[in-house]
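S.K.: Residue numbers for the sequence shown follow the numbering used here, beginning at 45 and rising by one.
Quick reminder that beta carbons are idealized off the backbone N, C-alpha and C, glycines included.
First, the structure itself, so that you have it in front of you.
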Amino acid sequence: MTNSSSLSLVLRGAVFTSLVCIAAACGSAETDLDPRPPCTGPGCVNPSGGVNPSGGGGGAGGQGGEGGTLSNDVTGNVGVLNEPSFAQIGPYAGAATIFATSNTGMPLEAPYGDAVTSFSLPTVISGTPWIFVRDETNGATGILSTHSAVRVPSSGPVTLPVVDRNVLASIAGTLPAPIVVDTTRAHLIIKVSRNNQPLSGVALTTSLPGAEVVYDTGVGLYSNQTNLTGPAGVILVFDVDAPQTAEQRTFTLTDANQQGFMIQLPIQAGAATVAGFTL
């Protein structure tokens, strides 16, 4: 049996990463909170995180600065996930447009990059809404447009992640059965944890014809010849068939006890989705 998700934001590991955490289990989920050292490059913000206590719906994660008054005005910058464990983030200065939804249901957008080194989105809908960073460089900066989310209201600036296209290509090319990433399709980066630790023994049990499902075999190491997460708790899904406009899809994760966890992610052709789940 699968169970509906409630949402919380995972902060785990030794370095900053921008992930959503969606807790999906029998009964209530505990907040998984472990602040990590800040991104230190130019344009970085000091991350922290939290939980959406309302449950249901929503998204994936940028992380906000500590302290300050809670506000539905989301401000911050963009950072690039630039190594194969997806556990480090560096500043990104390329041109982008950032999209979100207001608390009245209206679309919001903000420019980013070039001379604009921060963004501001007023009155974003409360919860953990998905936010989309769209590449405006026609691929020149080597990133994929990326879906993630933030906790709203937030207490300070947030860093929204984008995925380095070359990192995905490098992973795919060094698999036991190498593949070539199709950047016109959707790509998913999923981290799973339990009790503040990466969770091994988890499988993505939703059928995805044409896609390549890859599991970690250690930190930054991956195989497409195994069907369960390893010690890093990472699932990568390459080349998912997806529409040009983002849509929510339901997926099932199954743990070593054969407990199913139903999750929802936005997928979009030519874009990545970055998510983390505490099970």
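Round the Cβ separation of L165 and A144 to the nearest angstrom and send it over; I've been treating them as touching at under 8 Å.
M.R.: On the sequence shown, position 121 is the one that residue 165 refers to. On the sequence shown, position 100 is the one that residue 144 refers to. Sure, about 5 Å apart at Cβ, within 8 Å.
S.K.: To the nearest whole angstrom, what separates the beta carbons of G138 and T190, a pair I think is in contact under 8 Å?
M.R.: Against the sequence shown, residue 138 aligns to sequence position 94. Against the sequence shown, residue 190 aligns to sequence position 146. About 12 Å; that fails the 8 Å criterion.
S.K.: DSSP three-state call for R229: helix, strand or coil?
M.R.: Translated into positions along the sequence shown, residue 229 becomes position 185. Coil at R229, not helix or strand.
S.K.: On the criterion of 16 or more Cβ atoms from any shown chain inside 10 Å, does V202 qualify as buried, or is it exposed?
M.R.: Numbered from 1 along the sequence shown, position 158 holds the residue referred to as residue 202. Its Cβ being crowded by 16 or more others within 10 Å, V202 is buried.
S.K.: What is the rounded straight-line gap between the Cα of W174 and the Cα of S192?
M.R.: By one-based count along the sequence shown, residue 174 stands at place 130. By one-based count along the sequence shown, residue 192 stands at place 148. Each residue's Cα considered, the two are about 5 Å apart.
S.K.: To the nearest angstrom, how far is it from the Cα of N239 to the Cα of V278?
M.R.: Taking the first residue of the sequence shown as position 1, residue 239 is located at position 195. Taking the first residue of the sequence shown as position 1, residue 278 is located at position 234. Roughly 16 Å between the two C-alpha positions.
S.K.: Just to check my reading of the structure: M306 and T298 have Cβ atoms closer than 8 Å, yes? What is that Cβ distance to the nearest angstrom?
M.R.: Reading the sequence shown from its first residue, position 262 is the one you call residue 306. Reading the sequence shown from its first residue, position 254 is the one you call residue 298. Not quite, the Cβ-Cβ distance comes to about 10 Å (not below 8 Å), so this is no contact.
S.K.: Go ahead and pull the three-state DSSP assignment for V246.
M.R.: Working through the sequence shown from its first residue, we reach residue 246 at position 202. In this structure, V246 counts as coil in the three-state DSSP scheme.
S.K.: Among N121, A290, G320, which one has its Cα closest to the Cα of R229?
M.R.: Position 185 of the sequence shown, counting from 1, holds the residue named residue 229. Closest by alpha carbon: A290.
S.K.: Going by DSSP, what residue range makes up the alpha helix (DSSP H) through R29?
M.R.: As shown, the chain starts at 45 and ends at 323. That puts residue 29 outside it, with no answer to give.
S.K.: Please report how far the alpha carbon of A131 lies from the alpha carbon of S199, in whole angstroms.
M.R.: Residue numbering aside, residue 131 sits at position 87 when the sequence shown is read from its first letter. Residue numbering aside, residue 199 sits at position 155 when the sequence shown is read from its first letter. Their backbone Cα atoms lie some 23 Å apart in a straight line.
S.K.: Alpha carbon to alpha carbon, what distance is there between T113 and V225?
M.R.: In the sequence shown, the residue the question calls residue 225 occupies position 181. In the sequence shown, the residue the question calls residue 113 occupies position 69. Roughly 43 Å between the two C-alpha positions.
S.K.: Among all the DSSP beta bridges, which residues are the ones paired with D179?
M.R.: Here residue 179 corresponds to residue number 135 of the sequence shown, with the count starting at 1. According to DSSP, D179 bridges with A140.
S.K.: Return the residue from the list L243, V194, A140 that minimises the CA-CA distance to A184.
M.R.: Here residue 184 refers to the residue found at position 140 when the sequence shown is read from its first residue. If we check each option's Cα against that of A184, A140 comes out closest.
S.K.: Helix, strand or coil: which one does DSSP assign to E153?
M.R.: In the sequence shown, counting from the first residue as 1, residue 153 sits at position 109. E153: strand per DSSP, three-state reduction.
S.K.: Go through its chain and collect everything with a Cβ distance to V246's Cβ below 8 Å, but skip five positions before and after it.
M.R.: Here residue 246 is taken as the residue at index 202 of the sequence shown, counted from 1. Cβ within range, chain order: V236, L272, T273, G277, I279, L297, T298, D299, A300, L323.
S.K.: Looking at C-alpha atoms only, which residue of S162, P220, T317 is the closest neighbour of Y266?
M.R.: Sequence index remark: in the sequence shown, residue 266 carries index 222 (1-based). Of S162, P220, T317, the residue nearest in Cα terms is P220.
S.K.: Across which residues does DSSP place Q241 in a beta bridge pair?
M.R.: Here residue 241 corresponds to residue number 197 of the sequence shown, with the count starting at 1. Q241 is bridged to R238.
S.K.: Suppose contacts are defined by Cβ-Cβ distances below 8 Å. Is A313 in contact with V207 by that definition?
M.R.: Mapped onto the sequence shown, residue 313 falls at position 269. Mapped onto the sequence shown, residue 207 falls at position 163. Contact flag unset, no.
S.K.: With burial defined as no fewer than 16 other Cβ atoms inside 10 Å of the residue's Cβ, what is the status of Q308: buried or exposed?
M.R.: What you label residue 308 is simply residue 264 of the sequence shown in a count that begins at 1. Q308 comes out buried.
S.K.: Measure the alpha-carbon distance for L152 versus S146 and round it to whole angstroms.
M.R.: Along the sequence shown, one-based indexing puts residue 152 at 108. Along the sequence shown, one-based indexing puts residue 146 at 102. L152 and S146: Cα-Cα distance of roughly 6 Å.
S.K.: Any idea which residues DSSP pairs A316 with across the strands?
M.R.: One-based indexing of the sequence shown puts residue 316 at position 272. BP columns for A316 point to T190, H231.
S.K.: State the Cα-Cα distance for the pair P222 and G320, rounded to the nearest angstrom.
M.R.: As a position in the sequence shown, residue 222 is number 178, starting the count at 1. As a position in the sequence shown, residue 320 is number 276, starting the count at 1. One C-alpha to the other measures close to 25 Å.
S.K.: Within the continuous beta strand (DSSP E) that includes Q292, where are the two ends?
M.R.: Within the sequence shown, residue 292 is the residue found at index 248, counting from 1. Segment 291-298, the beta strand (DSSP E) holding Q292.
S.K.: F163 to V281, Cα distance in whole Å?
M.R.: If you number the sequence shown from 1, residue 163 lands on position 119. If you number the sequence shown from 1, residue 281 lands on position 237. Their Cα atoms are separated by approximately 30 Å.
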